[in-house]
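Participant: With positions in the sequence shown counted from 1, the corresponding number in the numbering used here is that position plus 1440. Note that beta-carbon positions come from the ideal geometry of N, C-alpha and C, so glycine has one too. Okay, here's the structure, questions in a sec.
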Amino acid sequence: MDVYEVLKEWNISDYHVIDKKSIDEITLGASILATGGGGNPKIGQLWAYKVLDDKKDIVLIDPMLVPDDILVCSVSPLGSPVVLTEKPPNVDALKQSISKLEKYLGKKVQAIVPPECGGVASIVSYAIAGELGIPVIDADGMNRAFPELQMTSWATHGVPPTPTVSTDDRLNSTIIDTKDNLMAESIARKVSMSYGGISWIATYPMYGKDLKRASILNSQSIAWDVGKAVMYARKHHVNPAEQIIMDLKEKYQLAGFKVFDGKVIDIQREFGGELTKGFTIGKLIMSGINQDTGKVASIDYQNEWLNLIIDNEVKCLTPDLIAIIDVETGEPIRTEIVKYGYRGTILLLSTHERMRTKKGIATFGPRYFGYDLDYVPVEELNKKHD
């Protein structure tokens, strides 16, 4: 049964067939929404190209059309973004994770939902769905990227990240099944480190009804439109950050703010290792340029940008989104590649309401990461930019 037979069985006639141009746009948009993390987008992009070159179809469907009783799961690399650049995806490893998850649950996975908007995890989800002949769902569990397995709207709305199957490039697999979400993250992280710093996981098995209840709906469409906005800005020589803000406000009523143009003048960074549990952790300091000359911006990060302070004034706190994009091209500047002298525009976006619950802020707000800061929505922190 191919993907179109699956959709016919579900009575779905409204869907998007994803081509290479779409992959480029979605990859770019997801990489921007990944808040500095998500790994090198080329890793997933090239795999998706190969799937299309092999004449396999990648089909994106609306989450609200997914049948309530089908099983879906999420797939992702887990570990250090730096190690990920040295160990590209192993198709067999991800297929093995999914097949072992199916065997463990005694039920077939019938669709893939990306775990996040991220440079690798998003597009890898498209690629593996195409490989397996099943649809990819227009949703995710973060509305951005986050470093830990339990940091999802799924977990904070009662959908656990287990069982999770973790596989390495030598096809060693580990099944993680626990009722404690933090325990699941801890075990999965240790397994990844034992595998050499990166693993490929099938996780968050859930039924369609829970997908619709707990996901960030239509987030892949948002990523797609962010990518289109940047492509438009390049073609018409307009400011990419301003184009993103305008398009998202018009199409989705999402609040966005262009708050700083600057140059990187200092980087504090610890690359993923045993001490940092595989995370890339640090702080970025930028000196203002153009209209922001004389100002200083400080950004905390752990794989992804977390908090932004400009001249001692808090401007954005996790889980709201911080993106640093090239002033001219709109390309995202990621935590593992940023260097002294890079020039970028800081773009802020409001997160989805499902990420702003009390449990959500406790799970991935600033205090969880060890910062003595109480979460305040980005709209309130940037009223003067409205």
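1) So, at 8 Å on beta carbons, what are the nonlocal neighbours of residue 1537 in its own chain, with the 5 sequence-adjacent residues on each side left out?
2) If you measure between the beta carbons of residue 1651 and residue 1579, is that distance less than 8 Å?
3) In or out: residue 1681 buried (at least 16 other Cβ within 10 Å) or exposed?
4) Residue 1539 lies in the alpha helix (DSSP H); which residues open and close that run?
5) Would you tell me roughly how many angstroms separate the C-alpha atoms of residue 1716 and residue 1815, rounded to the nearest one?
6) Can you look up residue 1809 in the DSSP assignment and give me helix, strand or coil?
7) Let me know the alpha helix (DSSP H) ranges lying completely inside the stretch 1553 to 1638, each 4 residues or longer, listed in chain order.
8) Quick one: using the 10 Å Cβ neighbour count with 16 as the cut-off for buried, is residue 1790 buried or exposed?
9) Inspect the CB distances between the stretch 1547 to 1560 and the stretch 1568 to 1588 and report whether three or more fall short of 8 Å.
10) Hey, residue 1475 and residue 1762: beta-carbon distance below 8 Å or not?
11) Considering residue 1786, what are the terminal residues of the beta strand (DSSP E) in which it resides?
12) Smallest Cα separation from residue 1662: which of 1502, 1451, 1483 and 1764?
13) Alpha carbon to alpha carbon, how far is residue 1742 from residue 1451?
14) Bridge partners of residue 1804, per DSSP?
15) Go through its chain and collect everything with a Cβ distance to residue 1622's Cβ below 7 Å, but skip five positions before and after it.
16) Are the beta-carbon atoms belonging to residue 1648 and residue 1454 less than 8 Å from one another?
17) With a threshold of 8 Å on Cβ separation, who are the neighbours of residue 1714 within its own chain once the five nearest residues in sequence on each side are excluded?
18) According to DSSP, is residue 1733 part of a helix, a strand, or is it coil?
19) In whole angstroms, what separates the C-alpha of residue 1597 from that of residue 1654?
20) Could you tell me the distance, in whole angstroms, from the CA atom of residue 1494 to the CA atom of residue 1463?
21) Give the secondary structure of residue 1768 by DSSP, where H, G and I count as helix, E and B as strand, and everything else as coil.
Facilitator: Taking the geometry as given:
1) In the sequence shown, residue 1537 corresponds to position 97, counting from 1. Hits under 8 Å: 1515, 1605, 1606, 1607, 1613, 1640, 1641 and 1642.
2) Counting from one through the sequence shown, the residue named residue 1651 turns up at place 211. Counting from one through the sequence shown, the residue named residue 1579 turns up at place 139. By the CB criterion at 8 Å, residue 1651 and residue 1579 fall inside the cutoff.
3) Against the sequence shown, residue 1681 aligns to sequence position 241. When all chains shown are included, residue 1681 counts as buried.
4) The count along the sequence shown starts at 1 and reaches residue 1539 at position 99. That run of the alpha helix (DSSP H) goes 1531 to 1545.
5) As a first step, residue 1716 must be located in the sequence shown, where it is residue number 276. As a first step, residue 1815 must be located in the sequence shown, where it is residue number 375. In this prediction, residue 1716 scores a pLDDT of 47, lower than 50, which makes its location untrustworthy; the coordinate-derived value is nonetheless stated afterwards. Rounded to the nearest whole angstrom, the CA to CA distance from residue 1716 to residue 1815 is 24 Å.
6) Taking the first residue of the sequence shown as 1, we reach residue 1809 at position 369. Residue 1809 falls in the coil class under three-state DSSP.
7) 1561 to 1572, 1593 to 1596 and 1621 to 1634
8) Here the question's residue 1790 lines up with position 350 in the sequence shown. Residue 1790 should be labelled buried.
9) yes
10) Numbered from 1 along the sequence shown, position 35 holds the residue referred to as residue 1475. Numbered from 1 along the sequence shown, position 322 holds the residue referred to as residue 1762. Yes, the pair counts as a contact, with Cβ atoms nearer than the cut-off.
11) Working through the sequence shown from its first residue, we reach residue 1786 at position 346. Start and end: 1783 to 1789.
12) Within the sequence shown, residue 1662 is the residue found at index 222, counting from 1. Out of 1502, 1451, 1483 and 1764, 1502 has the C-alpha closest to the C-alpha of residue 1662.
13) Walking along the sequence shown from the start, residue 1742 turns up at place 302. Walking along the sequence shown from the start, residue 1451 turns up at place 11. Approximately 43 Å between the Cα atoms of the pair.
14) Sequence index remark: in the sequence shown, residue 1804 carries index 364 (1-based). Answer is none; residue 1804 lacks a bridge partner.
15) The sequence position of residue 1622 within the sequence shown is 182, counting from 1. So the list reads 1590, once near-sequence residues are dropped.
16) Against the sequence shown, residue 1648 aligns to sequence position 208. Against the sequence shown, residue 1454 aligns to sequence position 14. Result no, Cβ atoms of residue 1648 and residue 1454 do not sit closer than 8 Å.
17) Numbered from its first residue, the sequence shown carries residue 1714 at position 274. Note on residue 1714: pLDDT 46, under 50, position unreliable in the model; the coordinate value appears next. The residues are 1633.
18) One-based indexing of the sequence shown puts residue 1733 at position 293. Of the three classes helix, strand and coil, the one that applies to residue 1733 here is coil, per DSSP.
19) By 1-based counting over the sequence shown, the position of residue 1597 is 157. By 1-based counting over the sequence shown, the position of residue 1654 is 214. The alpha-carbon atoms of residue 1597 and residue 1654 are separated by roughly 6 Å.
20) Position 54 of the sequence shown, counting from 1, holds the residue named residue 1494. Position 23 of the sequence shown, counting from 1, holds the residue named residue 1463. Using only the alpha carbons, I get a separation of about 15 Å.
21) Here residue 1768 is taken as the residue at index 328 of the sequence shown, counted from 1. In the structure shown, residue 1768 sits in coil (DSSP, three-state: anything other than H, G, I, E or B).
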